[in-house]
Structure formats: C-alpha cells, structure tokens
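Asks:
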Amino acid sequence: MSTGRPAPRARIGLIPVALVGTLVAAGLWGAWVTKTVLGAGDTPTIAKVQLSGIVGEYVQAQARSATPPEQVTTETRAFMGEVQKNLERRGATGQIVLVGEAVLAGNVPDITAEVRREVYGHIKMPQPANAPAGDVMGAMRAAMNGQGAPQGAAPAPMPGAAYGGQASAPVN
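Below, the structure is given as structure tokens:
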C-alpha cells in the first residue's frame with residue numbers, strides 16, 4: 001500500500017468569489033425593488049384632497065359652537081397644524097398630494113375622507129351650541145313660517161315703505 005500525499009486542494013480565486021458576491025447583491029437589490037414596487041399599491045403615488053371641504057366644515061362647526069373666541073383661535077390653529085402634519089407625513093412617505101381644486105381631470109385618487117378621519121382622530125370636532133328658544137335663527141324661522149316674530153325681534157315697516165325690493169332712497 002502506498003500512502004501518498006493527499007492531492008493538493010485547488011484554491012478558489014478572487015474573481016469567482018467577487019462574481020458570486022455581486023450576484024447575491026443583485027438578487028437582494030432585485031427583491032427590494034420588487035417589494036417596493038408591489039408594496040406601493042397600498043397608497044397611491046399621486047392623490048388629491050379637498051382641503052376647502054375639510055377646513056370649511058370645521059369652520060362652520062366652530063361658528064355654530066358656543067366656544068369662546070380665544071379658545072376658537074387656539075383650536076383652529078391646532079386643527080390647521082394637524083392638517084399640515086398629516087400632509088407632511090404623506091409627503092415624507094413619497095406620496096404627492098394635490099389640492100383637489102387644482103386637479104382638472106384625470107384618474108387621481110381622492111383621499112379626502114382618509115385625511116378627514118385621521119385629522120379628526122387627533123382633533124375633536126366642535127359641537128353645536130344649545131341655542132336658547134328666543135335665538136335669532138328661531139325668530140327668523142318663526143317669521144318665515146308666518147307665525148310672527150317675537151317682540152322686539154324686527155322693527156315694524158315704515159308707512160309708505162315699498163315691498164319687493166322697490167324701495168326708494170331718501171332725497172336730501
């Protein structure tokens with residue numbers, strides 16, 4: 001029996017190792033790109049929001065509430081700040097948000113309801129004030145329904161006054 005030396009092992013060269021490393025890196029990069037492209041379906045890249053509608057409903061709710069003016073200012077600033085933060089968060093994720101009034105045509109998803117829900121999740125919507133029975137709106141409704149206005153709600157028409165918008169201005 002001959003006990004010879006074991007055969008020398010072949011060394012792997014630097015080029016094949018670099019080639020395998022490059023292929024692994026390219027595969028990982030491809031997987032990341034695929035995940036990013038397919039995952040982008042959750043949030044649209046470009047979307048629109050009807051800011052005038054959201055802000056308008058908040059302002060109307062504040063106008064109907066019995067909140068003191070100083071508090072209205074503070075709450076409105078907080079509301080506008082929350083809207084701004086929401087839109088900045090969306091921009092940071094790569095979403096482009098257009099103001100709905102600026103979108104003339106096209107198939108741009110509307111995210112107004114989603115923004116409204118998120119903002120009102122952080123900011124409480126003002127509640128309408130409990131109006132007393134003798135309020136101005138109640139007097140107006142009574143007058144329009146022909147029930148007559150409450151005492152002192154409206155001055156009596158002047159004798160000789162024209163009706164239907166045909167009044168004449170006094171002459172000096």
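Numbering (the UniProt record's numbering), first residue to last: 1 to 172. A virtual CB, placed ideally from N, CA and C, is assigned to each residue, including glycine. Nothing here was measured: the structure is a model prediction, and the numbers come from that model.
First and last residue of the alpha helix (DSSP H) that includes V59?
Replies: Note, V59: alpha helix (DSSP H), 51-64.
Asks: Grab me the residues of residue 182's own chain with a C-beta within less than 7 Å of its C-beta, minus the 5 sequence neighbours each way, in chain order.
Replies: The first residue shown for the chain is 1 and the last is 172, placing residue 182 beyond what the model contains.
Asks: Which residues in the same chain as V108 place their Cβ atom closer than 7 Å to its Cβ, once the five residues preceding and following it in sequence are excluded?
Replies: Cβ within range, chain order: I46, A47, K48, L98.
Asks: Where does I96 sit, in a helix, a strand or coil, going by DSSP?
Replies: In the structure shown, I96 sits in a strand (DSSP, three-state: E or B).
Asks: Find the nearest neighbour of Y120 within the set I96, E88, G81, judged by alpha-carbon distance.
Replies: Nearest C-alpha to Y120: G81.
Asks: Start and end of the alpha helix (DSSP H) containing G121?
Replies: Note, G121: alpha helix (DSSP H), 112-122.
Asks: Taking DSSP as the reference, what is the three-state secondary structure of I46?
Replies: Of the three classes helix, strand and coil, the one that applies to I46 here is strand, per DSSP.
Asks: DSSP state of Q84, grouped into three classes?
Replies: Three-state result, Q84: helix.
Asks: Quick check on DSSP: helix, strand or coil for I12?
Replies: Coil, per DSSP.
Asks: Taking the alpha-carbon positions, what's the N86 to E118 distance?
Replies: Whole-angstrom Cα-Cα distance: 8 Å.
Asks: Can you give me the C-alpha to C-alpha distance between A18 and R5, rounded to a whole angstrom?
Replies: Cα to Cα, the separation comes out at about 32 Å.
Asks: Would you call V115 buried or exposed, if buried means 16 or more other Cβ atoms sit within 10 Å of its Cβ?
Replies: Label assigned to V115: buried.
Asks: So what does DSSP say about R90, is it helix, strand or coil?
Replies: R90: helix per DSSP, three-state reduction.
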